[in-house]
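According to the working numbering, the sequence shown is numbered sequentially starting from -11.
Note that beta-carbon positions come from the ideal geometry of N, C-alpha and C, so glycine has one too.
Predicted, not measured: the structure shown is a model, and the values here were computed from it.
Worksheet: one structure, shown below.
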Amino acid sequence: MTPKSPDPRPEYGDYTHMSVKDHFLGASQTIATLVKEVSDLIPNAGPLSQVLGLTGQLFIIVNQIKTNKEGCAFLVERILRFLKSIAKECKRLDAPIRVGSPTAARLKDLISNIDLIKEDVEKWKASSLWDALWYRDAVKDAISKHTTNLEDCFSSFTVGSLLHLGAQADNSTHQIFIPTGLAPGHLFYGLVVLEAMHSYKGTRTGCLEGTRQAVIHNFFEWASSSDTLICWFSGPAGYGKSAISQSIA
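Structural data, given as structure tokens:
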């Protein structure tokens, strides 16, 4: 993308933005629509942009083959739909995929699959019309294999992402360290308010009385206890709006 481009989407280093119009000329309405949707969702440059650009290169080759074009175009469509689902989630979370991140690394498997498809389609494009017809069934089998590989790649991406999140959650559960103060940045900073906590060992209608410091003092007494449950209220005392309820060993 040139520096004078009016496109307001953010750029990320190490990747070159590839023009969608240059790569998907002559695409079907379905593919053209998907390309526009994906392009509108992703940054100008970055891991997703690289995959989209590579998919565009694949489509250029697909658009020139003589037979089995429909099956090859469907592979392109599958990739675009997968990219769209990822891009929508990134947009919803306002969290772009960063260069060098674990998610970007997982996308490299998809890039490898697209490269393999490109290699085969290049061969099919270069073959004569007679060869293309002669090996039509073999090409169909190859397309079926690529379809399966893509599905495995999509599943692997999903499982890898879930494992990553699960491992982070497990580690955060077992490595919680509660400091003795409530300075800015503390897990509970801003949540502790006057008379905002209630012990399960006491009466549910009665919350702690006293100053903010007394509340903090009692909280850490409970936190250090091996058999005390904490009920954390998000609203004024007595309203019973529990935001966090957990055992702290």
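Going along the chain, which residues of its own chain have a beta-carbon closer than 8 angstroms to the beta-carbon of residue i, five neighbours each way excluded?
i    : result
I99  : Q38, V39, L42
G178 : Since pLDDT at G178 reaches only 45, below the 50 mark, its modelled position is unreliable, and the value read off the structure follows with that caveat. Around G178: no qualifying Cβ.
With DSSP run on the structure shown, which of helix, strand or coil describes residue i?
i    : result
T55  : coil
S16  : coil
V87  : coil
A130 : helix
A75  : helix
G34  : coil
V180 : With a pLDDT of 45 at V180, under the threshold of 50, the modelled position of this residue cannot be trusted; read the value that follows with caution. Coil, per DSSP.
S144 : helix
D108 : helix
With the cut-off set at 8 angstroms, would you say residue i and residue j are in Cβ contact?
i    : j    : result
V87  : G44  : no
N32  : R124 : no
L36  : A75  : yes
K106 : I53  : no
H152 : P90  : yes
Report yes if the C-beta of residue i is less than 7 angstroms from at least one heavy atom of the ligand ADP; otherwise report no.
i   : result
P84 : This structure does not include the ligand ADP; it has no bound ligands of any sort.
Which residues in the same chain as residue i place their Cβ atom closer than 7 angstroms to its Cβ, once the five residues preceding and following it in sequence are excluded?
i    : result
F12  : I19, A20, V23, G44, F47
G59  : K128, I131
S265 : Look at the range of the chain in this structure, -11 to 237, and you will see that residue 265 is not part of it.
S16  : A61
Given residue i, which residues of its chain have a CB within under 6 angstroms of its CB, disregarding the five upstream and five downstream residues?
i    : result
G148 : R94
S115 : none
Roughly how far, in whole angstroms, is the beta-carbon of residue i from the beta-carbon of residue j, given that I think they are within contact range, below 8 angstroms?
i    : j    : result
I49  : E110 : 6 angstroms
N101 : N137 : 6 angstroms
Does the pairing of the stretch 20 to 36 with the stretch 64 to 73 give three or more beta-carbon distances under 8 angstroms?
Yes: the two stretches touch, three or more of their Cβ pairs being nearer than 8 angstroms.
Stretch-stretch touch, CB-based, cutoff 8 angstroms, three pairs: the stretch 79 to 94 with the stretch 48 to 64
At 8 angstroms Cβ cutoff, the stretches do not touch.
Count Cβ pairs between the stretch 125 to 132 and the stretch 69 to 84 that sit closer than 8 angstroms; are there 3 or more?
Because the criterion of three Cβ pairs below 8 angstroms is not met, the stretch 125 to 132 and the stretch 69 to 84 do not touch.
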